[in-house]
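Order-wise, the sequence lines are chains L and D. So the first sequence is numbered by the UniProt record's numbering: it starts at 1 and just counts up by one. So the second sequence is numbered by the UniProt record's numbering: it starts at 1 and just counts up by one. Where is the CB? At the ideal position from N, CA and C, for every residue including glycine. Below: one structure, written as structure tokens.
Number of protein chains: 2
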Amino acid sequence: MKSDGNGGRSNGDRTPCRTCPLSATPGLLTPDETQRAWIEAFKTGETSFVRGEQILRQGARATRLYTVLSGVMMRFRLLEDGRRQIINFMFPGDLIGLQSAFDAEISHSVEALTDARVCVFPRDRFFDLAMSHPRLSYDITWLAAREEAALEEHIVALGQRNARERVAWLAVFLVQRAMDTGVAAADGVLRMTITQGQVADMLGLSLVHTNRSMQALRRAGLVDWTIHAIAVPDMAAARDFAQMEAEAPPPRPFI
Amino acid sequence: MKSDGNGGRSNGDRTPCRTCPLSATPGLLTPDETQRAWIEAFKTGETSFVRGEQILRQGARATRLYTVLSGVMMRFRLLEDGRRQIINFMFPGDLIGLQSAFDAEISHSVEALTDARVCVFPRDRFFDLAMSHPRLSYDITWLAAREEAALEEHIVALGQRNARERVAWLAVFLVQRAMDTGVAAADGVLRMTITQGQVADMLGLSLVHTNRSMQALRRAGLVDWTIHAIAVPDMAAARDFAQMEAEAPPPRPFI
DNA sequence: AACGCGCCATATCAAATGACACATCGCCCA
DNA sequence: TGGGCGATGTGTCATTTGATATGGCGCGTT
């Protein structure tokens, strides 16, 4: 075990891409063998993070890209006066730091919400990879477009929904995402430690009002959200309450 | 002139990419000659739209990609009960409809805010283009990452800023973007017709409160926003008020 | 000139949300 | 086992934001 300066611990274990554990996830589209060989060659190692550790720090110059192998992370922006906005949550298969492949400084931090493990790729070889392996490049563009769609949803939630709708929206979003990526069973319950303060910072609400909204949803039987788990007993009802379109997301590729 | 079913009018004029008018824009990074030849081959034509016409309609299956050649557009999402959230504004060089290259249905509509002209590309050849021309694919990924960063800014604005900060943020964002893309002169004034209702739907505020906030900013001398023009006499002061980081965006590539 | 229409401006009141204070609960740990 | 600590729950009040109504203004059309 050794620390690598960015936080997290690299260790000798390295999963071969050929036996990538993400392949078992129905919601993910596993690259074919040829592509996995390329990915294997691109990959420099793996790193583990414990809950609360930061993978990327806002304003830093990143030298790596990451793919979430297990666990959940969040990316967020801090304003000068201490306000924090959580931008999105990242689940297994998600690419972290694509922005840093193009920009000098990154505009957000990324922190582990649960203990997590990531694959590490060198940023300075990204351009060469894209030139020599267009199929992988295409999949990365796919991921970027999908991430853009997720942020679009977030903008709609913040701009048009009231507090209770936002909380219900986030609950459905997280549970669905977790089920798709194998983080939660298909029973509408996601066991994960999220504080009300984190929910508040994702939804642009005060902590107190977040608390009240959660309780209203609990009384209404729509969402039962504790610090340890999110339970959405009736996804359709919750979706309807939050004015979400029912969607069956197509399996997403990953690198 | 003939209509093409998606709204807008194609006409016989077609600018050769070799003499693309966007090349003259300092904020844009013109592809080299070889790439422009590829783009030329990919391009199927051009279409003009008048203010208010729709380029893409939410829920439809798009068959084309577009690049804004001149004018400004907005993309927005409609909820079932009529609420509208404007996601972003698109300036010359911006790619429209990348999402539709991957998804069956598009989640937003796109409408011309001013009279506008776009280059048209066939969606069904996008995959082949990406496979055979990795350099163009790389630039498209670059654009997607940049768009993602813009949506991130929007999320921060909606989640953490109050009404007046949001209006100031949007004014600075639009004026800066317009100056970078040659839509406005470098004098901090953007002459463009935007209604207060559109601003309200971008910022997640009511129309009345948007009006109040604009007037407060006008009285404070920070932003003078009329239906015909946005004037930001002191960009640094406005940025500071809205808690924005001063940024010099790198020139962006375009297709 | 008169009218209609879309948009801006303003007043008033209501509702949603935030701020602050404090009690409680669960959990870790000395 | 008791104390500290982080997190949730709740009461009260302040502030921000929304809803509704109304008037005015510019502009195009008849």
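Under the 10 Å beta carbon count, methionine 202(D) is surrounded by 16 or more other beta carbons and is classified as buried.
Just so you know, the alpha carbons of phenylalanine 91(L) and glycine 188(D) end up roughly 41 Å apart. DSSP places threonine 47(D) in the strand class (E or B) of the three-state scheme.
Serine 109(L) carries a strand assignment under DSSP once its states are collapsed to helix, strand and coil.
Annotated as proximal: valine 167(L) and valine 199(L), with beta-carbon spacing under 8 Å. Think of a sphere of 8 Å around the beta carbon of aspartate 81(L): the chain D residues whose beta carbon falls inside it are Gln243, in chain order. Serine 48(L) and histidine 108(D) have their C-alpha atoms some 38 Å from each other. Within chain D, the residues whose beta carbon sits less than 9 Å from that of tryptophan 142(L) are Ala101, Phe102, listed in sequence order. For proline 21(L), no CB of chain D lies under 8 Å from its own CB, so it is not counted at the interface with that chain. When C-beta atoms of the segment 171-184 of chain L are compared with those of the segment 222-230 of chain L, three or more pairs fall below 8 Å, so the two segments count as touching.
With contact defined as three or more Cβ pairs closer than 8 Å, the segment 50-63 of chain D and the segment 93-110 of chain D are in contact. Assignment of beta-bridge partners to leucine 29(D) by DSSP yields Pro253(D).
Nearest C-alpha to leucine 78(L) among Arg177(L), Ile86(L), Gly71(L): Ile86(L).
The C-beta of methionine 131(L) comes closer than 8 Å to at least one C-beta of chain D. Secondary-structure assignment with DSSP links arginine 64(L) through a beta bridge to Pro122(L).
Inter-segment contact for the segment 140-151 of chain D and the segment 93-102 of chain L is present: three or more beta-carbon pairs are separated by less than 8 Å.
If you check the CB distance, leucine 136(L) and glycine 93(L) do not come in under 8 Å. The Cβ-Cβ distance between arginine 36(D) and arginine 14(D) does not fall below 8 Å. For methionine 192(D), the secondary structure class from DSSP, reduced to helix, strand or coil, is coil. Straight-line spacing of the CA atoms in valine 232(D) and valine 175(L) works out to 43 Å.
Taking a C-beta distance under 8 Å as the contact criterion, glycine 71(D) and alanine 24(D) do not qualify as a contact pair. DSSP places methionine 244(D) in the coil class of the three-state scheme, outside both helix and strand. DSSP lists Leu190(L), Trp225(L) as the bridge partner or partners of isoleucine 230(L).
Counting only the Cα atoms, glycine 197(L) lies some 51 Å from glutamate 40(D). Taking alanine 185(D) as reference, the option from Glu33(D), Pro26(D), Arg9(D) with the minimal CA-CA separation is Pro26(D).
Looking at Glu33(L), Gln54(L), Pro249(L), Arg51(L), the one whose alpha-carbon comes closest to that of alanine 178(L) is Pro249(L).
When DSSP states are grouped into helix, strand and coil, glutamine 58(L) belongs to the coil group.
Fully enclosed beta strand (DSSP E) runs of no fewer than 3 residues occupy 84-90 of the segment 76-108 of chain L, in order along the chain. Residues of the segment 154-175 of chain D with a C-beta atom less than 8 Å from some C-beta of chain L are His154, Ile155, Val156, Leu158, Gly159, Gln160, listed in chain order. Taking all protein chains in view, the Cβ of alanine 236(L) is surrounded by fewer than 16 other Cβ atoms within 10 Å, so the residue is classified as exposed. When the Cα atoms are used, leucine 69(L) and valine 183(L) turn out to be separated by approximately 11 Å. Contact between glutamate 152(L) and leucine 151(D) holds, with the beta-carbon distance rounding to 7 Å and staying under 8 Å.
Note on geometry: alpha-carbon atoms of histidine 228(D) and threonine 195(D) lie some 9 Å from one another.
Short of 8 Å from the beta carbon of arginine 84(D), and not among the five residues preceding or following it, lie these beta carbons of its own chain, in chain order: Phe76, Arg77, Leu78, Asp201. With fewer than 16 neighbouring CB atoms inside 10 Å of its own CB, valine 50(L) falls in the exposed class. Within the DSSP bridge table, the entry for alanine 116(D) names Phe49(D) as partners.
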